[in-house]
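Have a look at the structure below, then the notes.
Protein chains in written order, with my numbering: chain V, 6 to 550; chain S, 568 to 998.
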């Protein structure tokens, strides 16, 4: 029941707010308005149901200024898109969805309604301007909210457009604030305002405080600052320099993270190929389509369990492995099996298979892209500080890539299947002589590689489009990574993927995305000229023939 | 023995072939053939398949009303497979082999440029339904999508005047439409007093999927204290990862709004739109437009496609307008002969879906209202602004040197697609 709690909180706080208004000189204005205030407030509530955005904006300003107990929950509901009005008599309701039903709670008079559709109710629509307005108005009210996150969000909202009104409010609460992060943000805001003071000592102090802050408003305030004398000018410039240096360092860290995350996507897409192409020597042009099948599996799983989006992604991982693995084995048994030792025919045949798979998907799911919903726990970012934030989905994908890789190494090194795979790939005849059923091993190996491609598809479905062309965009990158890393070497694939990712991201800021990609390709061509066997060449007898 | 049998067989085959040919000829005279040239496979299939279905629906409806000039229409659908040279081949096939009198088709500018010489050589008619970069006016092409002054420029005006945007990121996919549009926009912004340091231009490859550093750059560019907006000409598939990354890096529409020229209802249907609420798009039509024509169109479309969740979008409206214009022009001319229809088309006005009338201008562009919509959490757009009247499409931008002095007027006596008002000369090219 968050709504009722927030109402209670605001009610409890209202004496405090009243006190604040007393100080800031709001109350005289308010008192003068009380007689007409009631009436105009009623008007304002009504105006919210109007179609015109400018009327709504005026209404919000009025409601925020009057600041009755209803203001907070209404504005919050409005911002969240939960504020509705009945089309019959234009009274306001707050919507709550529970188990597929829509519960409408009246704000003032009227009866609560629960029904299966939204029939008879219309949403109070808002646009960007109103959203900004609402956020700022809410921020002022949320400064003393008991939820730490809301308080922090409130200060950060106010920091975007610092003004003396916000500063006055913050001055009252900053001493009571227990959380250091919020306090720092509050002090930054106060310093930004302090910088505008006519007193030079105050200005000097403000500059010193701002020099330690990474908040963009601190830098903006310092850049816009007009120092009255050279001493202050020097101080301000030094502060700007200091902030910029720190920001540059964090930007570098961010680039590395971006590079690793791009690298892990490349490596994930390529690991499956490292087995089918690297270990088995099959040029599998349908590898990208196996990734695509994994992505579509994620989509289907989400369709099957719409209530549990959070778990669906986890369920999709083994499901995609099995589906793609089975498709891969089917391709091996029907096509590739008959073409071993004929690389050109294999290339053509698998290319044909890839087209068949694409068109099949197009016929089943339509050529339109499908949306895979990102679960709550994977969206958003991990805020390290004001300039550095690491996005969760990328973070999990790096971890997922490493986990898949470790699991694969274990399979190859510690299990009987792994042993047999290595035996067959090193010397087929000898392995068969030792009693290994090489044909069965071939099918299983191909299935394993395909299954891993399917798992990569799960990760990619969260980052990019799930459509019939998904595979095409990754097939070239995958081959590039495997060849660059050294055919037949799993570690090489990981290192190659990660380093290509980082190189790409380091180049991107100054070369642009298009040129960066070309430069990476040129680099790989030159590298392969120099070392045809890649970063970590396979040693031993198998490499010689 | 063997020989005579073969001879008989050959004669029989010849007879069958000739009867088949004559019967198909007779059949051809009963119907009017309309070419549909949209990719049904390959990268562009995602957008173009819908337009093929739209055309089939419109033709179907027209036939139920009795066809045109007392004859039924017959759609000839070919698949150029997102392959630009194949577009030209298929166009030639449509006109010379299937004898289509008009063709509705193409999506990307490069496919239009590829078929253009074919249509001019064979003097046929092409209706092109997608917003494009302008700088072209062919005798044989009718542009029912938006020119830059019907989409890009009003959108920038909206951001500047209504949202107070001072700093601009022009982000696009690396091909002709975004490059030309951004060139026009940059010239326009500078003419409106925006400093060059307040404009950031960024291009990415087709289908770009790793937006981390670019979004992070936009975030940094936007944190300089001035209101910043992104004008996006990012095409098709690349939009989904772009918007996902915006959401993940916590850039909300209130901080840095993105106004897109290539994102419509169809693109949003493949996307979870909750993190995108408030971002903008500029089009000449939204599915959420409230008009009788529009609700009729939507229900007809849903019924035709047998899917209650399918959406309508701007290029579909363009085909709706284009097709009705062609029907009206054919009725006006009393013939389907392309030369006569081309003349009759100029000045034809038909209802559009936003409750008004669109007219074909002498420069082969049409008049349309410009709408700005905000993305809602249900994948629809809420219209927040629209031009007070209709905007006439301008083939040659007024903001580019070289193109500023050109006008297009296909009426006699001028009959020229690029007449230079300064030198008083019509350039020899047809487009």
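Yeah, the Cβ is synthetic: ideal placement off N, Cα and C, and Gly gets one too.
In this text, all values refer to a predicted model and were calculated from it rather than measured experimentally.
Any beta-carbon of chain V closer than 8 angstroms to the one on residue 721 of chain S? Taking the first residue of the second chain as 1, we reach residue 721 of chain S at position 154. Residue 721 of chain S does not count as touching chain V.
Own chain partners of residue 750 of chain S with C-beta closer than 7 angstroms, once the 5 adjacent residues on each side are dropped: Taking the first residue of the second chain as position 1, residue 750 of chain S is located at position 183. Contacts found: 967.
Counting C-beta neighbours from all protein chains within 10 Å, is the total for residue 802 of chain S 16 or more, i.e. buried, or is it exposed? Numbered from 1 along the second chain, position 235 holds the residue referred to as residue 802 of chain S. By the 10 Å Cβ count, residue 802 of chain S comes out buried.
For residue 234 of chain V, decide whether its Cβ has a neighbour in chain S, counting only Cβ atoms nearer than 8 angstroms. As a position in the first chain, residue 234 of chain V is number 229, starting the count at 1. False, the Cβ-Cβ gap to chain S never drops below 8 angstroms.
For chain S, is any of its Cβ atoms less than 8 angstroms away from the one on residue 35 of chain V? For the purposes of this step, residue 35 of chain V is taken as the residue at position 30 of the first chain. Residue placement at residue 35 of chain V is flagged as unreliable, the pLDDT there being 43, under the threshold of 50; a coordinate-derived value is accordingly withheld.
Within 8 angstroms (strictly less), CB to CB, does residue 58 of chain V reach chain S? Against the first chain, residue 58 of chain V aligns to sequence position 53. It does; some Cβ of chain S falls within 8 angstroms.
Using the Cβ count rule (16 or more neighbours within 10 Å means buried), how would you classify residue 408 of chain V? Locating residue 408 of chain V in the first chain gives position 403, counting from the first residue. Exposed.
Under 8 angstroms, Cβ to Cβ, is there at least one residue of chain S near residue 380 of chain V? Indexing the first chain from 1 puts residue 380 of chain V at position 375. So no, residue 380 of chain V is outside the interface.
Please list, in chain order, the chain V residues whose beta carbon lies closer than 7 angstroms to that of residue 716 of chain S. Numbered from its first residue, the second chain carries residue 716 of chain S at position 149. Here the premise fails: no neighbours, minimum Cβ distance about 24 angstroms.
In terms of DSSP beta bridges, what is residue 298 of chain V paired with? By 1-based counting over the first chain, the position of residue 298 of chain V is 293. BP columns for residue 298 of chain V are empty, so no partner.
Does the Cβ of residue 460 of chain V have 16 or more other Cβ atoms within 10 Å, making it buried, or fewer, making it exposed? Walking along the first chain from the start, residue 460 of chain V turns up at place 455. It is buried - the Cβ of residue 460 of chain V has at least 16 other Cβ atoms within 10 Å.
Looking only at C-alpha atoms, which of V:405, V:338, V:403, V:66 sits nearest to residue 446 of chain V? Translated into positions along the first chain, residue 446 of chain V becomes position 441. Of V:405, V:338, V:403, V:66, the residue nearest in Cα terms is V:338.
Identity of the residue in S:881, S:726, S:815 nearest residue 948 of chain S by Cα: Residue numbering aside, residue 948 of chain S sits at position 381 when the second chain is read from its first letter. It is S:881.
Amino acids of chain S, ordered along the chain, whose beta-carbon sits closer than 7 angstroms to that of residue 528 of chain V: Start at 1 with the first residue of the first chain, and residue 528 of chain V comes out as number 523. Residues of chain S passing the Cβ test: none, with the nearest at roughly 17 angstroms.
Beta-carbon proximity check, residue 486 of chain V vs residue 272 of chain V, cutoff 8 angstroms: As a working note, residue 486 of chain V is residue 481 in the first chain. As a working note, residue 272 of chain V is residue 267 in the first chain. Yes.
How far does the beta strand (DSSP E) with residue 926 of chain S in it extend, from its first residue to its last? One-based indexing of the second chain puts residue 926 of chain S at position 359. Residue 926 of chain S -> beta strand (DSSP E) spans 924-926.
Compare the C-beta of residue 66 of chain V against all C-beta atoms of chain S and say whether one is closer than 8 angstroms. Residue 66 of chain V sits at position 61 when you count from the first residue of the first chain. No, residue 66 of chain V lies away from the interface with chain S (no Cβ there is under 8 angstroms from its Cβ).
Out of S:921, S:913, S:929, S:811, which one is the CA nearest neighbour of residue 953 of chain S? What you label residue 953 of chain S is simply residue 386 of the second chain in a count that begins at 1. If we check each option's Cα against that of residue 953 of chain S, S:921 comes out closest.
Check whether the Cβ atoms of residue 2 of chain V and residue 379 of chain V sit closer than 8 angstroms, and answer yes or no. Because chain V spans 6 through 550 in this model, residue 2 of chain V falls outside it and cannot be assessed.
To test your reading of the DSSP string, which unbroken alpha helix (DSSP H) runs of 4 or more residues are found completely within the segment 32-117 of chain V? Complete alpha helix (DSSP H) runs here, min 4: 58-71, 76-84.
Whole-angstrom distance between residue 326 of chain V and residue 436 of chain V, CA atom to CA atom: What you label residue 436 of chain V is simply residue 431 of the first chain in a count that begins at 1. What you label residue 326 of chain V is simply residue 321 of the first chain in a count that begins at 1. Cα to Cα, the separation comes out at about 27 angstroms.
I believe residue 682 of chain S touches residue 658 of chain S by the beta-carbon criterion, under 8 angstroms. Please report the beta-carbon distance rounded to the nearest angstrom. One-based indexing of the second chain puts residue 682 of chain S at position 115. One-based indexing of the second chain puts residue 658 of chain S at position 91. The pair is a contact, with the Cβ atoms about 4 angstroms apart (cut-off 8 angstroms).
Just curious, the alpha helix (DSSP H) that residue 820 of chain S is in, first and last residue? Position 253 of the second chain, counted from the start, is the residue given in the question as residue 820 of chain S. First-last for residue 820 of chain S: undefined, no H or E at that position.
Please decide whether residue 167 of chain V counts as near chain S, where near means a Cβ-Cβ distance under 8 angstroms. Reading the first chain from its first residue, position 162 is the one you call residue 167 of chain V. No, residue 167 of chain V lies away from the interface with chain S (no Cβ there is under 8 angstroms from its Cβ).
Residue 568 of chain S burial status per 10 Å Cβ neighbour count (16 or more: buried): What you label residue 568 of chain S is simply residue 1 of the second chain in a count that begins at 1. Confidence in residue 568 of chain S is poor, its pLDDT being 46 and thus under 50, which makes the residue's placement unreliable; the coordinate value appears in the next sentence. Exposed, because fewer than 16 other Cβ atoms sit within 10 Å of the Cβ of residue 568 of chain S.
For residue 187 of chain V versus residue 157 of chain V, is the C-beta distance shorter than 8 angstroms? Residue 187 of chain V sits at position 182 when you count from the first residue of the first chain. Residue 157 of chain V sits at position 152 when you count from the first residue of the first chain. Yes.
Inter-stretch contact at 8 angstroms, needing at least 3 Cβ pairs: the segment 201-213 of chain V / the segment 225-241 of chain V: With the rule of 3 Cβ pairs closer than 8 angstroms, the segment 201-213 of chain V counts as touching the segment 225-241 of chain V.
Could you give the DSSP three-state label for residue 940 of chain S: helix, strand or coil? Looking up residue 940 of chain S in the second chain gives position 373. Correct three-state label for residue 940 of chain S: strand.
Taking the DSSP output, what are the residues bridged to residue 976 of chain S? By 1-based counting over the second chain, the position of residue 976 of chain S is 409. Answer is S:983.
Considering residue 672 of chain S, what are the terminal residues of the alpha helix (DSSP H) in which it resides? Walking along the second chain from the start, residue 672 of chain S turns up at place 105. Looking at the DSSP string, residue 672 of chain S is not in any alpha helix (DSSP H); the run it does join, the beta strand (DSSP E), is 669-672.
What residues in the segment 460-491 of chain V bring their beta carbon closer than 7 angstroms to a beta carbon of chain S? Only those residues of the segment 460-491 of chain V whose C-beta falls short of 7 angstroms from the nearest C-beta of chain S are listed: 468, 469, 470, 472, 474, 478.
If you check the beta carbons only, do residue 237 of chain V and residue 209 of chain V fall under 8 angstroms apart? Stepping through the first chain from its first residue, residue 237 of chain V is reached at position 232. Stepping through the first chain from its first residue, residue 209 of chain V is reached at position 204. Yes, the Cβ-Cβ distance between residue 237 of chain V and residue 209 of chain V is below 8 angstroms.
With 9 angstroms as the C-beta to C-beta threshold (strictly closer), list the residues of the segment 365-378 of chain V near chain S in chain order. Correct list: 367, 371, 372, 373, 374, 375, 376, 377, 378.
Measure the C-alpha to C-alpha separation of residue 965 of chain S and residue 748 of chain S and round it to an integer number of angstroms. By 1-based counting over the second chain, the position of residue 965 of chain S is 398. By 1-based counting over the second chain, the position of residue 748 of chain S is 181. Straight across, the Cα-Cα distance linking residue 965 of chain S with residue 748 of chain S is about 12 angstroms.
Outcome for residue 103 of chain V when other beta-carbon atoms lying within 10 angstroms are tallied against a minimum of 16: On the first chain, position 98 is the one that residue 103 of chain V refers to. So residue 103 of chain V ends up on the exposed side.
Which residues bound the alpha helix (DSSP H) around residue 246 of chain V? Looking up residue 246 of chain V in the first chain gives position 241. Secondary structure note for residue 246 of chain V: its alpha helix (DSSP H) is the uninterrupted segment 235-278.
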